[in-house]
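Asks: One line per chain: the protein sequences are A and B, in this order.
Under the numbering used here, read the first sequence as residues 1 to 117, first letter to last.
Under the numbering used here, read the second sequence as residues 118 to 232, first letter to last.
Ideal Cβ placement from N, Cα and C applies to all residues, glycine included.
Keep in mind that this is a model prediction, so the values were computed, not measured.
Before I ask anything, here is the structure I am working with.
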Amino acid sequence: DTAVSQTPKYLVTQMGNDKSIKCEQNLGHDTMYWYKQDSKKFLKIMFSYNNKELIINETVPNRFSPKSPDKAHLNLHINSLELGDSAVYFCASSPSLAGASGANVLTFGAGSRLTVL
Amino acid sequence: AQKITQTQPGMFVQEKEAVTLDCTYDTSDQSYGLFWYKQPSSGEMIFLIYQGSYDEQNATEGRYSLNFQKARKSANLVISASQLGDSAMYFCAMRGSTGGFKTIFGAGTRLFVKA
């Protein structure tokens, strides 16, 4: 059983389209995240949710709208896709929000590679 | 503001030798955690090792050890007895205790292990 699963693994789409990426974790974690990894491999946090509540929104354009229907799911919807949105999007989870302890290791999904043409 | 710096874009090491990957950080938090992750060419992110800011001993996990020098704000990863399968990107990361408890990542170091 995959701990953090993302779908789809690959997305190829045209500029201006809308797309969604889904994420589910079966670890019982309270906190979930979206990270974007660009072509230079730089990983940047986009959003974090704790028990369905938005905690971090890192100055992401409002074309990106995360939704957490329950604490096991965090989806990412992107409107009006642009060339610069091409990247690998990683979903991750951690047991809790607060604390910098080793218990709060991030468990990552396999990533979703988005290509905007 | 919190920051992680990895100054080595790429490193080469001979199989069976040890290698040190550098990481420095900046934070005003008193409590924080430092992590290393490995990303092989297949793309997944694999957690390797953790060091807490209050831990006095350097963390070790098998062939991985973390050389933590708090005063210098460095958290270098040491891989002993390198194997071909260690060829990958390695990311240093930090989780603070303020600012939403986000985990931020350095730019990464690509390690090449030579046979």
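Just to confirm, is the Cβ distance from K219/B to I21/A under 8 Å?
Replies: no
Asks: What's the gap between the Cα of L201/B and the Cα of F229/B?
Replies: 8 Å
Asks: Quick check: what's the CA-CA separation for E161/B versus Q147/B?
Replies: 31 Å
Asks: Would Y181/B and I196/B qualify as a contact pair, given that the criterion is a beta-carbon distance under 8 Å?
Replies: yes
Asks: Taking 8 Å as the cut-off, decide whether the C-beta atoms of V12/A and C91/A are in contact.
Replies: Not a contact, by the Cβ cut-off of 8 Å.
Asks: Nearest-angstrom Cα distance between A176/B and R113/A?
Replies: Here the C-alpha atom of A176/B lies approximately 33 Å from the C-alpha atom of R113/A.
Asks: Which chain A residues sit within Cβ distance under 8 Å of F229/B?
Replies: The contacting residues do not exist; F229/B stays about 15 Å from chain A at best.
Asks: What is the residue span of the beta strand (DSSP E) that M15/A lies within?
Replies: Run containing M15/A: none; DSSP gives neither H nor E here.
Asks: State yes or no: is the beta carbon of S65/A nearer than 8 Å to at least one beta carbon in chain B?
Replies: no
Asks: How far does the beta strand (DSSP E) with G150/B in it extend, from its first residue to its last?
Replies: Residues G150 to Q156.
Asks: Express the C-alpha separation of K41/A and Y207/B in angstroms, rounding to a whole number.
Replies: Approximately 10 Å, taken between the alpha carbons.
Asks: Output yes or no for whether 8 Å exceeds the beta carbon distance between C23/A and N75/A.
Replies: yes
Asks: My understanding is that A205/B touches I221/B, with C-beta atoms under 8 Å, so please give their C-beta distance in whole angstroms.
Replies: That belief does not hold up - the Cβ atoms of A205/B and I221/B are roughly 20 Å apart, past 8 Å.
Asks: Is Q119/B near D143/B, with beta carbons less than 8 Å apart?
Replies: yes
Asks: Using DSSP with H/G/I as helix, E/B as strand and the rest coil, what is N104/A?
Replies: Residue state, collapsed to three classes: helix.
Asks: Going straight from the alpha carbon of G102/A to that of L81/A, what length do you get?
Replies: In a straight line, the C-alpha of G102/A is about 37 Å away from that of L81/A.
Asks: Kindly list the residues whose CB is nearer than 6 Å to the CB of S170/B, restricted to its own chain and excluding five residues on each side of it in sequence; keep chain order.
Replies: Take S170/B, set aside five residues on each side of it, and the residues of its chain with a beta-carbon closer than 6 Å to its own are S148 and Y149, in chain order.
Asks: Note down the Cα distance separating V60/A from V116/A, rounded to an integer number of angstroms.
Replies: 18 Å
Asks: Can you give the beta carbon distance from D70/A to K52/A, rounded, assuming they're within the 8 Å contact cut?
Replies: 6 Å
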